[in-house]
Each structure stands twice: as structure tokens, then as C-alpha cells.
Amino acid sequence: MDEVLEQIMHHFKLPLEKPVLIFSLILFVILMVPILMNKLRIPGIIGLIISGAIIGPNGFNLLEKSLFVDLFSTIGLLYIMFIAGLDLDLNDFKTNRNKSIWFGLFTFSIPLGIGFPVCYYLLDYDFNASLLTASMFATHTLVTYPIVSKLGITKNQEVAITVGGTILTDTAVLIILAVLVGSHEGNLTYVFWLRLIISLFVFMGIMFGVVPRVSKWFFKKLESEKHSHYIFVLAVVFFAAFLAELAGVEAIIGAFVAGLALNRLIPHSSVLMNRIEFIGNALFIPFFLISVGMLVDYRVILSGPMALIVAATLTVVAIFGKWMAALFTQLVFKYSKLQRRLIFGLSSSHAAATLAVILVGYKAKILDENILNGTVILILGTCIVASFVTERAAKSLVVAMEDDNTMHTKNHVINEHILLPIANNINLEKALDFALLIKDKKSSYPLSILTVVPNNREAERNIARARLKLKQLIDHATASETRAEVIAAIDFNIFGGIARTAREIMANIIIIGWPQRTGIIDQFFGKKLEGFLANTDKTVFVCHFEQPLSNHKKLVVVAPPLAELELGFDNWMGKLTRLASELGIGVLFYCNAETGNAIRKHMKRHKITQQNRFQNLEITESFLEGKQVIEKNDLLLFISSRRSGISHQPFMEDLPAKLEEKYMDVSRTIIYP
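Sequential numbering of the sequence shown, starting at 26, is according to the working numbering.
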């Protein structure tokens, strides 16, 4: 009995050594701590950091820093930076790049300018130690980014410029680190600078020249292998992190650049993006936060007055410097106090980059033990402050954004209901992906997938078969956290069944596929479509996709004269701008001056900042002669009209056949408002 008990206790010898037991403990912490913190109304991030301090080597010594812990925490840190790059709205970033540069300048120079004299004159450190410690104040890690991601405001301007500023200031600090270490070791020669510049140039060339092309080819060739997509993305992230280290900068820079390189290929509402965020937020990022807590040593406070003075001074200067940077940003760009608080919350937490700078400086004997210990306390203090500030500011901002919406917009969002009829097995997943991208996530209705079977003796059996075939589509929709339902209808006429079902479920958008015109019967498709359109007043999208949606480079929208006067103008404009935002691509509008002005007013009214181009052109039958350049990677969207519509023109008769003949190899969609 004693031997059995001894064997059992051996497994629980501290610190824990069994990988299975270590992983189980961490999973329980990740599971229970956020639930407990939520009860206490404390950000879950704080609970994870504190729990890391409790179970870490400086707490109860349940865990020690090991290769296992370091691996998962490194993955978590790279995940945070990668998701930040993926979530960045590149169109908004281009529009606001000057603001990002200015914020990066503020959040780098102000903490550096405040920190250097404090370290040099007040704490009495030498020039190199003071400069390196002050540069540490300029860094920040996006520890609180999961908070804004969870609340769905990652595309807000203040979040975008903070993320952009993060990469600028961290890169500058890491270059300062490399220069100071090189100077300390006597290696600061022209060879050092030449190697750094060339390696960074090669790194950027690979990431933005090679990786997007390879990724696009991979996603297209293995379109059905969804699990392979996620593995491929992970491989790109770690390969980019490794290349960044080879180039002489930190791995976090590589992960962020990987996010930028794949940004346009992974739409925010896609299944792949949902898997990336789910696994990261559920496992890897919490693991990283726990590992940050494991660095905290409460005994530093008891080690003497100098350690306490240094720790308190570093923490206060770090927080004050970031607050001043946020204040300058607010004053220069006339932001609200709420936006300033969110910028401060996102940019005030110090973790990975800070620790990297200090550890390298300590190992190079530029910094002493007091700075190292004080930095660990600084990490805990700034993460706690940043978590509270970010969560409160983000929630207040979400409430303010909701209050700005008109009641009409709210009712439209709540009542949006998309019907996706499935007539054949061609382009099923692409049509579903299209529906998932344009669907508003706030809609209370599920995405309804419809199959219509002929009304005959085999109807019931055919319905059962159809439901079985559509199960895969339901799983695909569910993977993107979108509610979906299968509807099976019996009707003598497919289009009649679609129109009747749309009325029954009160759908206001119908997405139908582009039928294959292979026989004489199919020649009557145009007449059938006209009858269907006359029998329903819903907005109808007739779609055909030649390639995955993420492979398209721009939307080409063709709008005839008076299209802005059609009843569904705001509806289709909202869907096009949402699609462009999700895909991260620009829009080229072919329309006359009046329609173009109406489109600009719509975008200004709805505060849409994406990059668009307009080509003044009267849309007539001559457009179908193909004088305009439509490239294979463009997504063509033609705004048509029913016969009774004010913008209807004779050449719109049998439009699907005309577009198929002229643009056979191009992805195309006809919109009937």
C-alpha cells in the first residue's frame, strides 16, 4: 500500500514533470479562471496572468519554465501578432497610414524622452543602460487585443492605428537593441548595417512577393481540404517568424508580417478565420498569458528598498509615457476621450518585446538585476492597468456605436434573412461562402439553405436524400459560427418553390446559382428567371464563381443610370461594401456621374472609408461589347433591374446569357434589387 501511495505521490512531485499532468493543470486554469474573473467583473486576462504567478516557480512552484511551457507561450505570442495582422483592415490602414506613423512616432519618442532622463539622472544609470531601459518603455505588446477582438471592434480606426503603431515602435526598439548590443560588443561596423538592411529587404520580398502567390495557389488547388488550410497557415506563421530572426529582428515581427501577407486571402467571416481565432483564443493565447505571470517574482519587493524604488519608478514612467502618447494622438487627430482611453489601453501593456529587450540587455551585462526584477513587476502592473482600461473603453465604445445607429438600420439588420436555394452541386461551397461573407452577424435569422424537389411519388424519399447531401453545407456554415437551417420544399416548379418559400420564411435576400446551359430546355432559363423575378420582390443575387472568393483582387461594379433610385439601393450597396471589407479589396465602379455621387453619399452617410475608384460611363448595351478591361481575378457585379424598375433598359433582357458569353472565365454576379 505504501509503495502504491509513494508511486502516486511521485507523479505529483513539485514542480510537476509529467507533460500530461502539466497540460491538464493549465487547461483547468484556462477553463476556470476566466469564469471566476467574470463573476468578479475582472478582465479574464488579469486572472490568467495572476494565476501564472501563483502556479509558477516564484509562487507555489507547481510549474517551472521548461521547453514545453516556452513552446506553447511562444506560439501564443506569435498568435497574438499574427491575428493582429490578419484583423488589420488594409484599406483603412492605407487610408490612415499617416495616423499610424504619427502614433508610432508618439508612442516611441514620448516614453523614450521621459524615460531616459529618469534612468540617467534619477536612477543614476550610465548612457547605454539608460537608453536601453528607456527604449523598453516605448515597446508594448498587444496583450489586450483579444478583448477588442471579442467585442468585434478590431476594424475601428483607433484600433487600426494602434496596431500599426505597435509594429513601428517595436521594430524601432528592437533595432536600437541590436545597435546597442553591437556597440557594447564592438561589432558596430558598416558590415552590420549592410547585413541588416539586405536581410530585411530579402525578408520583405519573400513575405509579400512569394508567400501570397504560393498561398493563393494552395487554397485554390486544395479548396476542399479545409483542415490542410489551417496547417498551411500555421506553417507560414512559424516560417515567417524564423525568417524574421534570420533577418536580425524579433520573431513577433515575422508573425505580424505573415498576418499582413495572408490578410486578403483569409476573409474575416470565413471558416478558416474562425478556426484560427478559436484555437488561438481557446488555447495558445491563454497559455502565453499564464507564462507571462510565471515571470513575476513577488520576492523582488522584499529584496531591498532599491529594488522597490526601481520597480515603482519603471512602472509609473511606463504607464505615464503611454498615456501621454495617447493624449497627443487624441489632440492631433481630434479623437474623443473614449478613443484615447482605448488607444492607451491597447498600447500600455508591456510583455514579450519588453522582456526580450531587458533579457538581452541583462545577458550582455548592460543592465543590472534591479532593472530585470523591476521589469517583471512592470509587466504585471501594466497588464493589469491595460486590461481594465481596454475592457471598459471597448465596451463603452460598442454602446456608443450602437446608439449612433438609426432605428431603421437596426430593424433592417435584425430582420435580414438570406435564402440560399441549392439547385445543383456546382459551386455549392463558394455560394455558401458568399452568403456567409455578406450576411450581417447581428441578424436574428439563420441562413436558410433550401432544396426544392419535384412533386411526385418519390418526393419524400428525395427530400430525405437532399437533407443528407446538405448536411456538409450545414457543418461548413456552423464552423464559421453562423446559424444555418435546411429547408426542403415540394413544388412542380423549382423557381415557384423558391419564391413561395421566400415568402413563407420572410426572406429578403435570395442567392441563386448560375445554371448550366447544356440543353435546349435550358435555353428557356432567361424566361424562367424573368417569371421568377416578377413573382418575388426580394433582392436576388445570381452568382457564378470561377475561383475561391479570397483570390479576387477587386470588385468591378457596373451600375446603370438611375440605379440609385431603385428601392433596394441601400441594401445592395451595404452588401457590396461589406463583401469588399471582408475580402480586403477595393471597388471599381462603372457608372454615370449622378449614380457615382449617390454612391459617395451613401458611403459618407454610413462612414465607409474603403478605397474606391469611379469611372464615369453611361452603362448601355455597348458595355457588353467588352471595351472595358475585366481581368480574370476580378469579381464582376452587374446591377440589373426588373422590367418594372426605373433603371431597366432593353439590353438587360436575357442578361445572364450575354454575360456568360462575354465573360465566361470571370466570376460574375447579377444583382436584381
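Positions of the beta carbon are idealized from the N, C-alpha and C atoms, including for glycine. The structure displayed is predicted, hence computed values, not measured ones.
> Is Ala706 near Leu167, with beta carbons less than 7 Å apart?
Replying inline: Because the chain spans 26 through 698 in this model, residue 706 falls outside it and cannot be assessed.
>> So, at 7 Å on beta carbons, what are the nonlocal neighbours of Glu42 in its own chain, with the 5 sequence-adjacent residues on each side left out?
In response: Here residue 42 is taken as the residue at index 17 of the sequence shown, counted from 1. Closer than 7 Å at Cβ, skipping near neighbours: no residue.
> What residues in its chain sit with their C-beta under 6 Å from that of Gly346, if we drop five residues either side in the sequence?
Replying inline: Counting from one through the sequence shown, the residue named residue 346 turns up at place 321. For Gly346, where only same-chain residues beyond five positions count, the Cβ hits under 6 Å are Ile135, Pro136, Ile139 and Phe162.
> Rounded to a whole number of angstroms, what is the C-alpha to C-alpha distance between Thr354 and Met106?
Replying inline: Numbered from 1 along the sequence shown, position 329 holds the residue referred to as residue 354. Numbered from 1 along the sequence shown, position 81 holds the residue referred to as residue 106. When rounded, the distance between both Cα atoms is 23 Å.
> Under a three-way DSSP split, which group does Phe309 fall into?
Replying inline: The residue labelled residue 309 in the question sits at position 284 within the sequence shown. The answer is helix: DSSP assigns Phe309 an H, G or I state.
>> Suppose contacts are defined by Cβ-Cβ distances below 7 Å. Is Val583 in contact with Ile644 by that definition?
In response: Walking along the sequence shown from the start, residue 583 turns up at place 558. Walking along the sequence shown from the start, residue 644 turns up at place 619. In contact: Val583 and Ile644 (Cβ atoms closer than 7 Å).
> Among Leu157, Ala618 and Ile55, which has the Cα closest to the Cα of Ile71?
Replying inline: Along the sequence shown, read from residue 1 onward, the residue named residue 71 stands at position 46. Cα-wise, what sits closest to Ile71 is Ile55.
> Is there contact here, the stretch 585-602 with the stretch 612-627, by at least three beta-carbon pairs under 8 Å?
Replying inline: Yes, they touch.
> When you compare only the Cα positions, how much space is there between Glu591 and Ala623?
Replying inline: Here the question's residue 591 lines up with position 566 in the sequence shown. Here the question's residue 623 lines up with position 598 in the sequence shown. Whole-angstrom Cα-Cα distance: 12 Å.
>> Taking 7 Å as the limit between beta carbons, can you name the residues of its chain near Val236, skipping five residues before and five after?
In response: On the sequence shown, position 211 is the one that residue 236 refers to. The beta carbon of Val236 is closer than 7 Å to those of Val261 and Ala286 in its chain, skipping five residues each way along the sequence.
>> Since Ala78 and Gly69 should fall inside the 8 Å C-beta cutoff, what is the C-beta to C-beta distance between them, to a whole number of angstroms?
In response: Here the question's residue 78 lines up with position 53 in the sequence shown. Here the question's residue 69 lines up with position 44 in the sequence shown. Not a contact, Cβ separation roughly 15 Å.
> Does DSSP put Val478 in a helix, a strand or coil?
Replying inline: As a first step, residue 478 must be located in the sequence shown, where it is residue number 453. DSSP places Val478 in strand when its eight states are reduced to three.
> Looking at the unbroken alpha helix (DSSP H) that takes in Glu772, where does it start and where does it end?
Replying inline: With the chain running from 26 to 698 in the structure shown, residue 772 is simply not present.
>> Please classify Arg630 as buried or exposed, where buried requires at least 16 neighbouring CB atoms within 10 angstroms.
In response: Reading the sequence shown from its first residue, position 605 is the one you call residue 630. The residue is exposed, with fewer than 16 neighbouring Cβ atoms inside 10 Å.
> Given that a residue counts as buried once 16 or more other Cβ atoms are within 10 Å of its Cβ, and exposed if not, what is Lys600?
Replying inline: Position 575 of the sequence shown, counted from the first residue, corresponds to residue 600. Burial of Lys600 is indicated by the presence of at least 16 other C-beta atoms within 10 angstroms of its C-beta.
>> Do Glu571 and Ser692 have their beta-carbon atoms positioned less than 7 Å apart in this structure?
In response: Within the sequence shown, residue 692 is the residue found at index 667, counting from 1. Within the sequence shown, residue 571 is the residue found at index 546, counting from 1. For Ser692 and Glu571, yes; Cβs fall inside 7 Å.
>> Taking only three categories from DSSP, how would you classify Met432?
In response: Here residue 432 refers to the residue found at position 407 when the sequence shown is read from its first residue. In this predicted model, Met432 has a pLDDT of only 42, less than 50, meaning its place in the structure is not dependable; the value taken from the coordinates is given anyway. Correct three-state label for Met432: helix.
> DSSP on Glu16, reduced to helix/strand/coil?
Replying inline: Absent from the model: residue 16. The displayed extent of the chain is 26 to 698, so no value can be given.
> Shortest alpha-carbon distance to Phe53 belongs to which of Glu183, Leu475 and Phe312?
Replying inline: As a first step, residue 53 must be located in the sequence shown, where it is residue number 28. Across the set Glu183, Leu475 and Phe312, the C-alpha of Phe312 shows the shortest separation from the C-alpha of Phe53.
> Does DSSP put Pro446 in a helix, in a strand, or in coil?
Replying inline: Sequence index remark: in the sequence shown, residue 446 carries index 421 (1-based). The answer is strand: DSSP assigns Pro446 an E or B state.
> Between the Cα of Leu367 and the Cα atoms of Phe413, Ala456 and Ala509, which residue gives the shortest distance?
Replying inline: What you label residue 367 is simply residue 342 of the sequence shown in a count that begins at 1. Minimum Cα distance to Leu367 is reached at Phe413.
> From Pro479, Leu65, Glu441 and Arg122, pick the residue whose C-alpha is nearest to that of Lys467; which is it?
Replying inline: Here residue 467 refers to the residue found at position 442 when the sequence shown is read from its first residue. Nearest of Pro479, Leu65, Glu441 and Arg122 to Lys467, Cα basis: Glu441.
> Which term fits Asp547, buried or exposed, when burial requires 16 or more other beta carbons within 10 angstroms of its beta carbon?
Replying inline: Residue mapping note: residue 547 aligns to position 522 of the sequence shown, counting from 1. Unreliable positioning characterises Asp547 in this predicted model, as indicated by a pLDDT of 47, which lies under 50. A coordinate reading is not provided.
> Around the C-beta of Met689, are 16 or more other C-beta atoms found within 10 angstroms, so that it is buried, or is it exposed?
Replying inline: Position 664 of the sequence shown, counted from the start, is the residue given in the question as residue 689. Its Cβ having fewer than 16 others within 10 Å, Met689 is exposed.
> How is Glu607 classed by DSSP in three states: helix, strand or coil?
Replying inline: Translated into the one-based positions of the sequence shown, residue 607 becomes position 582. If DSSP states are grouped into helix, strand and coil, Glu607 belongs with the helices.
> Under the rule that 16 or more other beta-carbon atoms within 10 Å means buried, what is Met319, buried or exposed?
Replying inline: Reading the sequence shown from its first residue, position 294 is the one you call residue 319. Classification of Met319: buried, given that the 10 Å Cβ count is 16 or more.
> Per DSSP, what kind of secondary structure is Ile696 in: helix, strand or coil?
Replying inline: Residue 696 sits at position 671 when you count from the first residue of the sequence shown. Here Ile696 sits in strand by DSSP.
> What residues in its chain sit with their C-beta under 6 Å from that of Phe243, if we drop five residues either side in the sequence?
Replying inline: Taking the sequence shown and counting its residues from 1, one reaches residue 243 at position 218. Taken in chain order, the residues that qualify are Phe257.
> From Lys496 to Ala502, what does the alpha carbon distance come to, in whole angstroms?
Replying inline: Indexing the sequence shown from 1 puts residue 496 at position 471. Indexing the sequence shown from 1 puts residue 502 at position 477. Distance between the alpha carbons of Lys496 and Ala502: 10 Å.
> So Ile633 and Ser665 are in contact, right, with Cβ under 8 Å, and what is the actual spacing, rounded?
Replying inline: Mapped onto the sequence shown, residue 633 falls at position 608. Mapped onto the sequence shown, residue 665 falls at position 640. Contact annotation, Ile633 with Ser665: C-beta distance approximately 23 Å; criterion of less than 8 Å not satisfied.
> How about the stretch 289-303 and the stretch 602-609: do they share at least three Cβ pairs that are nearer than 8 Å?
Replying inline: They touch, by the three-pair rule.
> For the stretch 182-191 against the stretch 121-129, are there 3 or more C-beta pairs whose distance is under 8 Å?
Replying inline: Judged by Cβ distances under 8 Å, the stretch 182-191 makes contact with the stretch 121-129, as three or more pairs qualify.
>> On a Cα-Cα basis, can you pick out the residue from Leu115, Thr379, Phe233 and Arg238 that is closest to Leu202?
In response: Residue numbering aside, residue 202 sits at position 177 when the sequence shown is read from its first letter. That would be Thr379, whose Cα lies nearest to the Cα of Leu202.
>> If I measure Cβ to Cβ from Leu397 and keep anything under 7 Å in the same chain, skipping five residues before and after, which residues do I get?
In response: Here residue 397 corresponds to residue number 372 of the sequence shown, with the count starting at 1. Ile383 and Tyr387.
> Under the DSSP definition of a beta bridge, which residues are partnered with Gly579?
Replying inline: Translated into the one-based positions of the sequence shown, residue 579 becomes position 554. In the sequence as presented, Gly is not what sits at residue 579; that position holds Lys. In DSSP, Lys579 forms a bridge with Gly611 and Asp659.
> How would you write the range of the beta strand (DSSP E) that Asn533 sits in, first residue to last?
Replying inline: Working through the sequence shown from its first residue, we reach residue 533 at position 508. Counting along the chain, Asn533 falls outside any beta strand (DSSP E), and DSSP gives it neither H nor E.
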